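Engineer: The structure is given below, and queries will be raised subsequently.
In my numbering, the protein residues as written are 324 to 559.
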């Protein structure tokens, strides 16, 4: 796509995010069959988000010409689940009484994300992911939340899961208590997630993380994952 041609795509208002963040927002989806996007249409929003495959360099150039800036890189990974994973250690299902503990971890773990300055307020990321974690325990944003405990029964962290289809599950959030970092807690959470998937007959477990989060990338790859997509989030 040449920079001097109209950028074609679909502009979709993000009603829930606009209300939650107090920021009129929209999502732009590139689509060569759609009508051209004008700067006037983009200017109608305080923030426009777009996610583009890392290989789509022409699209990235065109968006840069429209004033979009890089916010974050994202890597998507698929972990294969086998029947043998039924033998793994199970996680403990979080219940509503666990919400305070789950949200306390989320508030610390997700202070930095694509919901960051200069586009968002300093506490917006923690606020968003705290709500996500709470809703996961209640079975809304994601379908369930699992704890991983140490040998003494102390909570190490949590992982949330959403069933996408008969064969596919996606991890929404995976977070470890700050004081438990580097003690194998992330591995225990991945084991718990794979165990649950195996019990449900699921064969693929997906997870996305920030491209710069090398600890998370190494965890998912060590759990049997393979990179399926790399993309960039751009904001205007």
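C-beta atoms are modelled at their ideal positions from N, C-alpha and C, and glycine is treated no differently. All values derive from a computational prediction rather than experimental measurement.
Secondary structure at residue 544, three-state DSSP: helix, strand or coil?
Structural biologist: Of the three classes helix, strand and coil, the one that applies to residue 544 here is helix, per DSSP.
Engineer: Excluding the 5 residues flanking residue 352 on each side, which residues of the same chain have their C-beta closer than 6 Å to its C-beta?
Structural biologist: Cβ within range, chain order: 332 and 333.
Engineer: Counting only the same chain and skipping the five closest in sequence on each side, list residues whose C-beta sits under 7 Å from that of residue 325.
Structural biologist: Low per-residue confidence applies at residue 325: pLDDT is 43, beneath 50, and the placement is therefore not dependable, though the value from the model is reported in the following sentence. Nothing meets the Cβ criterion.
Engineer: Thinking just about the alpha-carbon of each residue, which of 417, 441 and 472 is nearest to the one in residue 456?
Structural biologist: Ranking the options by Cα distance to residue 456, first place goes to 417.
Engineer: Kindly provide the ranges of any alpha helix (DSSP H) runs that are 4 or more residues long and lie completely inside the segment 418 to 480, ordered along the chain.
Structural biologist: 422 to 432 and 447 to 461, all fully within the segment 418 to 480.
Engineer: Are the segment 526 to 533 and the segment 413 to 430 in contact at 8 Å, needing three or more beta carbon pairs?
Structural biologist: With the cut-off at 8 Å, the segment 526 to 533 and the segment 413 to 430 do not touch.
Engineer: Using the C-alpha atoms, what's the distance from residue 343 back to residue 531?
Structural biologist: Computed Cα separation, rounded: 23 Å.
Engineer: Can you list, in chain order, the residues of its chain with a C-beta nearer than 8 Å to that of residue 409? Leave out the 5 residues immediately preceding and following it.
Structural biologist: Hits under 8 Å: 518, 521 and 522.
Engineer: State the Cα-Cα distance for the pair residue 470 and residue 330, rounded to the nearest angstrom.
Structural biologist: Roughly 45 Å between the two C-alpha positions.
Engineer: Count the other CB atoms, across all protein chains shown, that sit within 10 Å of the CB of residue 495; report buried if there are 16 or more and exposed otherwise.
Structural biologist: Buried: at least 16 other Cβ atoms inside 10 Å.
Engineer: Please confirm whether residue 498 and residue 394 have their CB atoms less than 7 Å apart.
Structural biologist: The answer is no: Cβ separation not under 7 Å.
Engineer: Using a 10 Å radius around the Cβ and a threshold of 16 neighbouring Cβ atoms, would you call residue 549 buried or exposed?
Structural biologist: That one is exposed.
Engineer: When burial is assigned at 16 or more other CB atoms within 10 Å of the CB, is residue 509 buried or exposed?
Structural biologist: It counts as buried.
Engineer: Under the three-state reduction of DSSP, which class applies to residue 365: helix, strand or coil?
Structural biologist: Of the three classes helix, strand and coil, the one that applies to residue 365 here is helix, per DSSP.
Engineer: Determine the direct distance from the alpha carbon of residue 425 to that of residue 449, and round the result to whole angstroms.
Structural biologist: Near 12 Å, if we compare the C-alpha coordinates of residue 425 and residue 449.
Engineer: I need the straight-line Cα distance from residue 515 to residue 487, nearest angstrom please.
Structural biologist: Rounded to whole angstroms, residue 515 to residue 487 spans 18 Å at the Cα level.
Engineer: Evaluate residue 538 with the Cβ neighbour count: other Cβ atoms within 10 Å of its Cβ, from every protein chain shown; 16 or more gives buried, anything less gives exposed.
Structural biologist: Exposed.
Engineer: Could you pull out every residue in the same chain whose Cβ sits closer than 7 Å to the Cβ of residue 362, ignoring the five residues on either side in sequence?
Structural biologist: Closer than 7 Å at the Cβ level, and outside the excluded window around residue 362, lie 389.
Engineer: Ordered along the chain, which non-local residues of its own chain (more than five positions away) have a Cβ less than 6 Å from that of residue 542?
Structural biologist: Only 509 meet the Cβ criterion.
Engineer: Looking at C-alpha atoms only, which residue of 458, 436, 366 and 407 is the closest neighbour of residue 420?
Structural biologist: Comparing Cα-Cα distances from residue 420 to each of 458, 436, 366 and 407, the minimum goes to 458.
Engineer: Determine the direct distance from the alpha carbon of residue 504 to that of residue 439, and round the result to whole angstroms.
Structural biologist: When rounded, the distance between both Cα atoms is 23 Å.
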